[in-house]
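Numbering-wise, this note's numbering comes out as the position in the sequence shown, counting from 1, plus 333.
Written below as structure tokens is the structure these notes are about.
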Amino acid sequence: MSSKQIVLTAGTDLFGHRDPSALDRYWAPDFRQHSALGADGREGLRAVLQQLPEDFRIDNLRMLEDGDMVAVHCVYHGLAPEPLVAVDVFRVAGDRLAEHWDAYAPLPGGAAGAHRIDGPRQVTDHEHTAANKALITEWVHERLLGADREALAELARDPRYVEHGAGPDARLARHSLHRVLGEGDFVLTVTEGVLEPDGEAPEHGDRRPAGCYDLWRVVDGRILEHWEVVQPVPERMPHGNGFF
């Protein structure tokens, strides 16, 4: 199986079929969990599984594979009172899941929530993967970091551009790029940023560090679509792993 198929099968067996034996089949014994949802190792996931409500499910929206890394744009149902839009990133070693990072945020109801996750789902233009990753990496470094509002507003001037995230008015400043993953026309960037307090100048309120998982769609060398999941970084991870 490909890395993408391993991630999909493992998630279906464990969370869809609620089969704990999937942990031994698909997760490495020394599995590293970079999420506030659980601890390292198979036992950490086993504890998470036991606490999930009966109506919990995951709707996969988009998946991209880049070497041994797989990113999944999805929606969690049943984990909170409202659905959560999420990005999960896995590192696959051999035929086992070896490492996991994630970010998740409440998904609005109605048309706003539908727009937050709609758009193309199938990966295309595989031959342009390297070029699209290079384009996004350069653009994030030169335009997005430290200047989110201006950079996203500039993209929006193209009538073909579709913004699925909070848009240029989001109170967010990204400052460090940690990871770039891509397959075909989709590129995921993982950045570190700061959330400014609502309704106040940053200097007059607490500024919260945040993880920013941005999914970009590139067509003919132009950025034409953007989804995002922004999550405040937990003050203390329960097992000492990093958030990124």
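Built from N, CA and C at the ideal position, the CB exists for glycine as well.
Since the model is a prediction, treat every value here as computed from it, not as a measurement.
Original post:
Between which two residues does the beta strand (DSSP E) carrying A543 extend?
Top reply: Against the sequence shown, residue 543 aligns to sequence position 210. Taken as a continuous stretch (DSSP letters only), the beta strand (DSSP E) holding A543 covers 541-552.
**OP:** Taking V340 as part of the alpha helix (DSSP H), name the residues at either end of that continuous run.
**Re:** Here the question's residue 340 lines up with position 7 in the sequence shown. 336-344 is the span of the alpha helix (DSSP H), which, as asked, contains V340.
Subject >> Sequence-distant residues of its chain with Cβ nearer than 6 Å to E415 (five each side left out) >> reply: Indexing the sequence shown from 1 puts residue 415 at position 82. Once the five neighbours on either side are set aside, the close Cβ partners of E415 are P439.
Original post:
Would the segment 386-393 and the segment 356-375 be scored as touching if the rule is three or more Cβ pairs under 8 Å?
Top reply: no
Original post:
From D451 to R429, what does the alpha carbon distance come to, in whole angstroms?
Top reply: In the sequence shown, counting from the first residue as 1, residue 451 sits at position 118. In the sequence shown, counting from the first residue as 1, residue 429 sits at position 96. Rounded to whole angstroms, D451 to R429 spans 31 Å at the Cα level.
Subject >> Contact between the segment 417-437 and the segment 474-484 (3+ Cβ pairs under 8 Å) >> reply: no
**OP:** Give the straight-line distance between the Cα atoms of E533 and R493, rounded to the nearest whole angstrom.
**Re:** Position 200 of the sequence shown, counted from the first residue, corresponds to residue 533. Position 160 of the sequence shown, counted from the first residue, corresponds to residue 493. Residue placement at E533 is flagged as unreliable, the pLDDT there being 48, under the threshold of 50; a coordinate-derived value is accordingly withheld.
Original post:
Is it the case that the Cβ atoms of G526 and H461 are separated by a distance below 8 Å?
Top reply: Position 193 of the sequence shown holds residue 526. Position 128 of the sequence shown holds residue 461. Cβ distance not < 8 Å, so G526 and H461 don't count as in contact.
Original post:
In the DSSP assignment, what residue or residues form a beta bridge with F519?
Top reply: Reading the sequence shown from its first residue, position 186 is the one you call residue 519. Beta-bridge pairing links F519 to E516, R550.
Subject >> Enclosing beta strand (DSSP E) for H410 [first to last residue] >> reply: The residue you call residue 410 lines up with position 77 of the sequence shown. Note, H410: beta strand (DSSP E), 402-410.
**OP:** Rounded to whole angstroms, what's the CA-CA distance from L557 to S354? Just pull it up for me.
**Re:** For the purposes of this step, residue 557 is taken as residue 224 along the sequence shown, with counting starting at 1. For the purposes of this step, residue 354 is taken as residue 21 along the sequence shown, with counting starting at 1. The alpha-carbon atoms of L557 and S354 are separated by roughly 42 Å.
Subject >> D322 versus L528, T524, V513, residue with shortest Cα-Cα distance >> reply: Residue numbering for the chain in the displayed model covers 334 to 577; residue 322 lies beyond these limits and cannot be assessed.
Subject >> Neighbour flag for F348 against chain D, beta carbons, 8 Å >> reply: The chain inventory of the structure shown lacks chain D, comprising one protein chain alone.
Subject >> Residue nearest to H410 in terms of C-alpha spacing, selected from P386, R424, G498 >> reply: For the purposes of this step, residue 410 is taken as residue 77 along the sequence shown, with counting starting at 1. Residue P386 is the option with its Cα nearest to H410.
Original post:
Do you know whose CA, among Y546, S336, A380, A361, lies nearest F348's CA?
Top reply: Sequence index remark: in the sequence shown, residue 348 carries index 15 (1-based). Nearest C-alpha to F348: A380.
Original post:
Under a three-way DSSP split, which group does T524 fall into?
Top reply: Taking the sequence shown and counting its residues from 1, one reaches residue 524 at position 191. DSSP places T524 in strand when its eight states are reduced to three.
Subject >> Contact set for V340: own chain, Cβ-Cβ below 6 Å, skip 5 residues either direction >> reply: Your numbering for residue 340 matches position 7 in the sequence shown. Within the same chain, V340 has close Cβ partners V403, F423.
Original post:
In this structure, does DSSP put H433 in helix, strand or coil?
Top reply: Counting from one through the sequence shown, the residue named residue 433 turns up at place 100. H433 falls in the strand class under three-state DSSP.
Subject >> Of the residues L488, R454, Q455, P453, the one placed nearest I469, counting alpha carbons only >> reply: Translated into positions along the sequence shown, residue 469 becomes position 136. I469 has its Cα closest to that of L488, out of L488, R454, Q455, P453.
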